[in-house]
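> Take a look at the following structure, please.
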Amino acid sequence: MDRQAQIEFLLDHYENPRHYGVLADPSLAQSGMNPGCGDVVTLYLQLDEDERIVEVSFEGQGCTISQAGASLLTELLTGLTLDEAAALDGETLAGQLGRDIVRNRTACATLGLNTLRVAAEKWRAGEALTDTSDIVRF
Amino acid sequence: MNTNRRTPLDVEAVRADFPVLHQEVRPGVPLIYLDNAATTQKPLAVVDTMSDYYRLYNANVHRGIHKLSEAATDAYEAARARIAEFINAASHREIIYTRNTSESINLVAMTWGRANVGSGDVILSTEMEHHSNLVPWQILAEEKGAELRYVPVRDDGLLDVAAFDAMLDGRVKLVAVTQMSNVLGTINPVADMAAKAHAAGALILVDAAQSVPHMPVDVRAIDADFFAFSGHKMVGPTGIGILYGKRELLEAMPPYMYGGDMIKRVTFEGAEWNDLPWKFEAGTPSIAEAIGLGAAVDYLTETGMENIHAHEQALIDYAAERLVEVPGVRVFGPEDVTQRGGVASFSLDGMHPHDIAQILDHEGVAVRAGHHCAMPLHQRLSVVATTRASFYLYNSFSEVDRLIEALYKAKEVFTF
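The listed protein sequences correspond, in order, to chains L and A.
By the count of this note's numbering, the first sequence reaches residue 234 at its end, each step adding exactly one.
By the count of this note's numbering, the second sequence reaches residue 634 at its end, each step adding exactly one.
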């Protein structure tokens with residue numbers, strides 16, 4: 097993808113974020129923030145009995161990369177188990193967002209993914225997980 | 219556009235001294251380096267001086283009785299003397315080599331601070347301080363049960379001097395203040411503040427990281443008790459900084475680090491400290507870097523600090539004028555350019571600073587986006603992050619034009 101197309105792709109996700117909004121009755125909800133720049137992403141996940149993600153949504157505010165990154169992440173998540181989702185790595189993200197972007201703005205690009213991992217850890221630890229005012233700072 | 223702007227500097231001649239500036243960030247896009255508050259570029263004279271040391275007379279300093287060691291020691295101590303002159307210190311004994319401004323301030327907090335600040339005492343900071351002139355005092359206050367208070371910043375970007383006067387009571391032991399804000403550019407009236415602090419029985423520590431490189435400074439005119447700055451922000455190398463302290467204060471302070479060189483004599487029973495300044499310089503120092511800082515001071519002296527200051531005033535005046543013409547831009551800091559240095563932090567409606575910086579980078583313009591190590595200040599300004607352009611002696615008026623063009627480009631990309 098050339099640079100112009102890349103920008104348009106990211107701006108499309110920024111302006112028209114996929115799966116944007118709040119889930120009515122989520123299994124997990126977690127907010128994450130980069131304090132240095134104020135980017136925030138809140139993830140909502142609905143799991144079935146096999147811990148498979150059947151519904152996902154997010155809300156947030158901040159720079160293009162953090163929000164487009166979260167939007168792209170939600171597209172990757174549906175149908176994955178929670179473990180598979182937590183195991184997603186930077187490479188997969190880089191494939192979507194662009195390698196340069198992920199390298200230069202790692203904190204922004206991985207905000208959604210890091211938030212997801214915190215949620216997954218808490219789920220494993222058996223913690224109650226729907227208080228989105230409990231924002232984890234990366 | 220910028221043809222009526224005057225400067226005492228021959229910017230093209232200055233730029234010829236800085237090889238790093240003559241490059242393209244990608245084909246056809248020249249580098250425009252506007253991140254000087256973060257770090258500065260080095261003239262060939264500084265680079266050559268440091269490599270000469272390594273090529274021709276590298277040796278450890280102090281007590282070596284051979285030719286190379288004497289040459290190295292002479293250069294190292296001669297640099298110290300020239301740095302003392304540069305800030306008008308009374309003696310080279312009042313110039314301590316550290317790693318950077320942060321280390322200089324930590325040194326004072328951990329030695330003078332621990333010995334002199336106690337429970338119920340007050341340390342006066344301000345809302346515009348860099349984390350390095352803030353966090354050490356937070357730690358000291360916590361450790362000692364002292365109180366840390368912040369002099370407010372006014373909406374116009376100036377320090378609230380009336381509030382400072384009111385807050386300066388008999389409990390204040392130390393005023394810790396920046397001479398020039400790395401975000402707002404505000405130049406604080408540190409000489410006045412020092413006089414008032416002394417009258418109230420307090421000492422004053424000045425964070426001079428942004429001021430020493432950009433304007434003439436005189437520690438005796440200010441009557442500063444402590445004064446800290448970094449080599450890499452004044453066309454010198456990284457890894458070297460200075461703490462200036464009044465002699466009687468430094469004599470009374472316990473050492474910061476212990477070991478070789480800071481002793482006069484060691485037996486199995488104990489040690490006797492060395493004289494100033496070496497009491498505060500344990501171990502082998504950053505010799506090349508100290509010599510390099512000496513060369514940086516020479517370069518700046520030759521160019522003339524008044525000339526550099528005047529050049530930056532002209533640049534920031536032009537930049538501020540052009541910036542506010544861009545729809546949606548808000549520039550932080552004093553409107554009166556005589557009250558500020560060459561730092562312009564700004565916001566652009568609807569655009570995140572990271573995104574702005576990204577587009578600018580593509581256009582060759584290097585700026586910084588974020589909180590600039592001043593998160594409490596950004597809290598005070600009610601923004602999470604800003605974009606910052608900062609100028610120095612090798613920046614030109616046409617580079618300001620390029621910055622503005624790049625901002626319009628950024629707006630284009632982000633217009634939905």
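Glycine included, each C-beta is placed from N, C-alpha and C at the ideal position.
Please report whether the beta-carbon of residue 589 of chain A lies at a distance below 8 Å from any beta-carbon of chain L.
Output row for residue 589 of chain A: interface = yes.
> Starting from residue 571 of chain A, find everything on chain L with Cβ-Cβ shorter than 9 Å and list it in chain order.
Chain L residues near residue 571 of chain A: 133 and 159.
> If the cut is a Cβ gap below 8 Å, which residues of chain L does residue 603 of chain A touch?
By Cβ distance, chain L contributes 132, 133 and 134.
> Determine the DSSP secondary structure at residue 481 of chain A, reduced to helix, strand or coil.
Residue 481 of chain A: strand per DSSP, three-state reduction.
> Quick check: what's the CA-CA separation for residue 551 of chain A versus residue 402 of chain A?
Their Cα atoms are separated by approximately 4 Å.
> Residue 195 of chain L CB to nearest chain A CB: under 8 Å?
Closer than 8 Å: no.
> Could you spell out the range, first to last residue, of the alpha helix (DSSP H) harbouring residue 612 of chain A?
From DSSP, residue 612 of chain A is part of no alpha helix (DSSP H); its letter is neither H nor E.
> State yes or no: is the C-beta of residue 603 of chain A within less than 8 Å of the C-beta of residue 253 of chain A?
No; because the gap between Cβ atoms is not below 8 Å, this pair is not in contact.
> Starting from residue 496 of chain A, trace the beta strand (DSSP E) in both directions and tell me its first and last residue.
It is not in any beta strand (DSSP E) - residue 496 of chain A carries neither H nor E in the DSSP assignment.
> Can you name the residues that DSSP bridges to residue 540 of chain A?
Residue 540 of chain A is not bridged to any residue.
> Could you spell out the range, first to last residue, of the alpha helix (DSSP H) harbouring residue 200 of chain L?
195–200 is the span of the alpha helix (DSSP H), which, as asked, contains residue 200 of chain L.
> Based on Cα-Cα distance, which residue from A:534, A:574, A:248 and A:429 lies nearest to residue 626 of chain A?
Here the closest residue by C-alpha is A:574.
> Give me the DSSP bridge partner(s) of residue 549 of chain A.
Residue 549 of chain A pairs with A:564.
> Residues of chain A with a CB under 7 Å from the CB of residue 201 of chain L: which are they?
572, listed in chain order.
> Specify, as a first and last residue, the run of the beta strand (DSSP E) that residue 143 of chain L falls within.
Residue 143 of chain L -> beta strand (DSSP E) spans 135–143.
> Does any residue of chain A bring its CB to less than 8 Å from the CB of residue 103 of chain L?
Judged by the 8 Å Cβ criterion, residue 103 of chain L is in contact with chain A.
> Going by DSSP, what residue range makes up the alpha helix (DSSP H) through residue 170 of chain L?
Element bounds for residue 170 of chain L: 160–173.
> Tell me whether the stretch 330–342 of chain A and the stretch 303–310 of chain A touch, counting them as touching only if at least three CB pairs, one residue from each stretch, are closer than 8 Å.
Touching, no.
> For the stretch 389–406 of chain A, list every residue whose C-beta sits within 8 Å of some C-beta in chain L, in sequence order.
So nothing in the stretch comes that close.
> Just tell me which of A:473, A:474 and A:443 has its CA closest to the CA of residue 464 of chain A.
Comparing Cα positions, the closest option is A:443.
> Once you ignore the five residues that flank residue 630 of chain A on each side, which residues in its own chain have a CB closer than 7 Å to its CB?
Excluding sequence neighbours, residue 630 of chain A sits near nothing in its chain.
> List, in order along the chain, the chain L residues whose C-beta lies closer than 8 Å to that of residue 369 of chain A?
Simply none; closest approach about 24 Å.
> From the DSSP output, read off the bridge partner residues of residue 149 of chain L.
DSSP output for residue 149 of chain L lists L:143 as bridge partner(s).
> What does residue 342 of chain A pair with, by DSSP beta-bridge criteria?
The partner list for residue 342 of chain A (beta bridge, DSSP) reads A:367 and A:393.
> Can you give the Cα-Cα distance for residue 535 of chain A and residue 616 of chain A, rounded to whole angstroms?
Roughly 14 Å separates the two Cα atoms.
> Beta-carbon of residue 631 of chain A versus every beta-carbon of chain L: anything under 8 Å?
It does; some Cβ of chain L falls within 8 Å.
> Taking the C-alpha atoms as reference points, what is the distance between residue 562 of chain A and residue 98 of chain L?
One C-alpha to the other measures close to 33 Å.
> Quick test of the definition: if touching needs 3 or more C-beta pairs under 8 Å, does the stretch 472–487 of chain A touch the stretch 504–511 of chain A?
In short, these stretches do not touch, since the Cβ pair count stays below three.
> For residue 404 of chain A versus residue 531 of chain A, is the C-beta distance shorter than 8 Å?
Going by C-beta atoms, residue 404 of chain A is not nearer than 8 Å to residue 531 of chain A.
> Out of L:174, L:136 and L:223, which one is the CA nearest neighbour of residue 164 of chain L?
The residue with the shortest Cα to Cα distance from residue 164 of chain L is L:136.
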